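Since the structure comes first, as structure tokens, the remarks are kept for the end.
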Amino acid sequence: MSKFGLKQHISIAVAAFSLASSAFAATAYINQVGYRTTDPKEFTLFEGSGDVEIVDATGKSVLTVTPKAASEWKPSGQTVQLVDFSAVTAPGTYSIKQGGQVLRNDLKIADKPFEDVAKAALKWYYYQRASIALEEQYAGQWARAAGHTNETVDFHKSTGATGTMTSSKGWYDAGDYGRYIVNSGVTTYTLLSLYEHFPDYFKTLKWNIPAEGNLPDLLAEIKWNLDWMLTMQAEDGMVYHKLTTLQFPGDIMPADDKAKLYVVGKGSAATLDFAGVMAAAYRVYKPFDEAYANKCLEAAKKAYAWGAANPNMMFNNPRDVGSGTYSDGKLDDEMMFARMELFISTGEESYKPTLNGNEMSIVPAWPEMYGLAVYGAASHPKETGAEAATAKTMLTDFANEFAYGATKGFGVVMSNEDFVWGSNSVAGNQGVFLLHAYYVTGEQKYYEAAKKVLDYLLGKNPLDMSFVTGFGTKSPMLPHHRPSTADGVEPPVPGMLVGGPQPGGEDIGRETWMCKDYRTGKTNATSYIDDRCSYATNEVAINWNAPLAYLAGALEALNAGYAPSFAVDGVAKGGTSALKPFSSRTPVSTNKAAVRLRFADQKVFVEKNGKRFDLKGHRIK
Ligand SMILES: [Ca+2]
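Numbering (the working numbering) for the sequence shown: 41 to 661.
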């Protein structure tokens with residue numbers, strides 16, 4: 041498979057033993073899925089020398105480019121050059137040559153390069169469905185029996201309730217089979233906002249899942265999780281924290297996980313996240329099913345009322361529970377999110393929020409919901425008035441820095457601090473953030489930087505691999521995902537974004553199920569292993585796939601001519617490209633980037649009593 045990259049480097053080195061050192065081949069890191077005909081296009085060159093040629097399938101050289109000045113990208117420690125080949129616009133498969141050597145031959149240009157990625161990233165939620173069999177007509181070789189079909193589930197004593205209740209449906213959270221309200225919150229909202237921004241595009245986009253009335257596929261899928269979330273609300277409005285077994289199961293299929301299911305815990309984070317999501321769902325489902333929409337809004341109001349009266353009830357795992365914690369010690373952002381969404385949906389003064397323009401933690405993550413309130417305000421200017429203007433400033437201050445970062449080094453937004461647990465979702469959320477800045481300004485540099493996030497996730501990275509299963513020349517084969525491990529099917533379930541490189545090494549240990557140290561000689565951006573053992577770099581999660589789905593879906597929708605209703609003129613590209621000529625594009629500058637990013641706040645870990653825990657509640661040293 042590896043005709044290029046490191047392996048070719050070695051074979052060329054051997055073949056060229058007696059020749060000059062200039063015979064060493066460079067490495068070209070590309071978006072392996074492809075580039076859009078009308079988009080700006082760039083790849084990253086390592087150890088290159090001289091001009092680069094782009095050669096079409098007939099062997100004809102269609103472009104000769106001089107790579108840009110070299111610069112170091114600290115996360116991989118590599119000094120690299122960016123190569124702009126935007127001038128090549130014809131669909132096809134191309135080779136990249138330098139010094140007469142073919143560096144790689146899988147460079148693709150297409151009209152809708154991300155449509156299949158968007159569909160697969162969204163289809164993955166179907167594969168994660170609890171309480172239903174995946175039928176072959178929809179799931180193909182990944183068909184499986186239903187899991188977690190329990191008629192009733194037990195209340196854990198941490199809920200304060202006794203006996204049983206009914207709760208089914210929802211999406212399995214990650215590589216495990218837990219269902220967690222907090223992580224469902226950021227995930228479901230991200231997907232709802234994708235629909236709310238591009239309703240006409242998603243009314244017709246289909247990816248072969250069971251029909252749900254007259255709902256578009258995206259809303260049919262989201263409803264599967266909303267239905268579950270609604271079961272998790274108690275009479276008084278409070279929302280239970282999670283539905284899991286007491287401990288994680290082994291590598292078994294969902295149907296074989298027979299341990300007792302418990303409703304566990306309660307708290308302000310789950311309740312407020314639920315309130316915000318249900319308030320947004322009201323708007324999105326109203327045109328299709330008014331009764332369901334009203335049910336969501338009433339649930340949102342009840343949850344908010346409970347959350348406003350109980351704003352600081354933290355959840356911690358009870359001693360006998362070892363499933364994921366999703367414990368959050370800072371809850372003002374969840375409150376802001378809930379108020380913003382309820383205010384947008386109802387216009388009631390009692391919910392009216394005021395954004396703090398100095399808030400720094402505004403790139404969303406499951407414990408960082410403030411950014412969703414910023415998105416909400418920016419995307420509903422008619423409803424939020426002055427808050428929309430504050431939100432726009434917050435978006436552009438950060439987005440300027442992101443866009444500038446993407447012009448140097450590897451040509452990606454990420455910096456060293458971003459290589460935390462789930463680094464690929466940090467990248468994805470930066471991309472979604474940039475698109476929001478693009479919607480409200482129309483500035484091309486934000487669109488380009490967002491697109492570069494997708495380039496990174498699909499192969500333009502120092503590991504020379506696509507991080508999405510089933511896509512690209514090389515992609516993860518052994519993700520930490522129980523169904524993919526246990527189903528006896530060689531390819532993993534497609535459309536999953538793995539967590540990605542990061543140097544924490546939380547999964548390294550002596551126990552048989554843990555990894556040997558895969559970090560030796562590696563950098564932040566290469567500390568990764570494609571192995572089932574690696575839950576710290578190779579797991580999948582619903583909140584990680586959501587920004588991928590949003591990015592790929594939004595980029596296709598924009599290029600199909602759809603713009604969000606609140607966007608400034610010129611945002612929809614309509615396949616004809618609103619790009620300025622490449623040579624006259626305004627260079628980006630950091631002069632106005634007064635805001636310093638505090639990436640530490642986005643780290644995906646939980647601190648409790650001075651101890652750090654990972655997503656799943658494992659202690660981090
Ligand atoms: Ca929080």
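We put the beta carbon where it would ideally sit given N, CA and C, even for glycine.
Everything numeric in this text was worked out from a predicted model, so none of it was measured.
Around the beta-carbon of glutamate 93, 16 or more other beta-carbon atoms lie within 10 Å, marking it buried. Burial of glutamine 72 is indicated by the presence of at least 16 other C-beta atoms within 10 angstroms of its C-beta.
Remark: fewer than three beta-carbon pairs, one from each stretch, lie closer than 8 angstroms, so the stretch 384 to 396 and the stretch 238 to 258 are not flagged as touching.
Here DSSP, grouped into helix, strand and coil, assigns histidine 237 to helix.
At least one heavy atom of ligand 1 lies closer than 6 angstroms to the C-beta of proline 407. In the structure shown, the three-state DSSP call for isoleucine 136 is strand. Close CB contacts of phenylalanine 238 within its chain, under the 6 angstroms cut and outside five residues either way in sequence, are with Ala597, Tyr602 (chain order).
Cα atoms of asparagine 440 and lysine 448: separation of roughly 14 angstroms, rounded to the nearest angstrom.
Comparing alpha-carbon positions, the option among Ala576, Pro294, Gln121 lying closest to threonine 189 turns out to be Pro294. For aspartate 368, the shortest separation between its Cβ and any heavy atom of ligand 1 lies below 6 angstroms. Looking only at Met434, Glu338, Thr104, the smallest Cα-Cα distance to tyrosine 415 is reached by Met434.
Counting only the Cα atoms, glutamine 118 lies some 22 angstroms from glycine 545.
For aspartate 124, the enclosing beta strand (DSSP E) begins and ends at 118 to 124.
By the CB criterion at 7 angstroms, isoleucine 221 and methionine 278 fall outside the cutoff.
Sequence-distant Cβ neighbours of phenylalanine 288 in its own chain, meaning closer than 7 angstroms and more than five residues away, are Asp216, Gly362, Ser363.
Classified as buried, arginine 559 has 16 or more neighbouring CB atoms from the shown chains inside 10 Å of its CB. For aspartate 373, the distance from the CB to the nearest heavy atom of ligand 1 is below 6 angstroms. Spanning the alpha carbons of histidine 521 and threonine 106 requires a straight line of approximately 43 angstroms.
Taking all protein chains shown into account, glycine 369 has fewer than 16 neighbouring C-beta atoms within 10 Å of its C-beta and is therefore exposed.
Between the alpha carbons of alanine 161 and glycine 445 lies a distance of about 26 angstroms. In the structure shown, the three-state DSSP call for glutamate 252 is coil. DSSP assignment within the stretch 478 to 504 yields the following whole alpha helix (DSSP H) runs of 4 residues or more, N-terminal first: 484 to 497. The bridge partners DSSP lists for leucine 85 are Ala68, Gln121.
Short of 8 angstroms from the beta carbon of phenylalanine 383, and not among the five residues preceding or following it, lie these beta carbons of its own chain, in chain order: Tyr391, Lys392, Pro393, Glu423, Thr424.
Take alanine 592, set aside five residues on each side of it, and the residues of its chain with a beta-carbon closer than 7 angstroms to its own are Phe154, Val157, Ala158, Ala161, Leu494, in chain order.
Here the alpha carbons of tyrosine 478 and tyrosine 487 stand approximately 6 angstroms from one another.
The Cβ-Cβ distance between glycine 482 and valine 608 falls below 7 angstroms. In this structure, the straight-line span from the alpha carbon of methionine 554 to that of threonine 285 is close to 21 angstroms. No Cβ-Cβ contact shorter than 7 angstroms links serine 198 with leucine 283. Residue environment for alanine 467: buried (at least 16 other C-beta atoms within 10 angstroms of its C-beta). In the DSSP assignment, methionine 205 is bridged to Val193. Less than 7 angstroms divides the Cβ of threonine 77 from the Cβ of threonine 129. Histidine 521 is not bridged by DSSP to any residue. With a cut-off of 8 angstroms on Cβ pairs, the stretch 506 to 522 is in contact with the stretch 532 to 539, counting three or more such pairs. Alanine 378 and glutamate 399 have their alpha carbons spaced roughly 17 angstroms apart.
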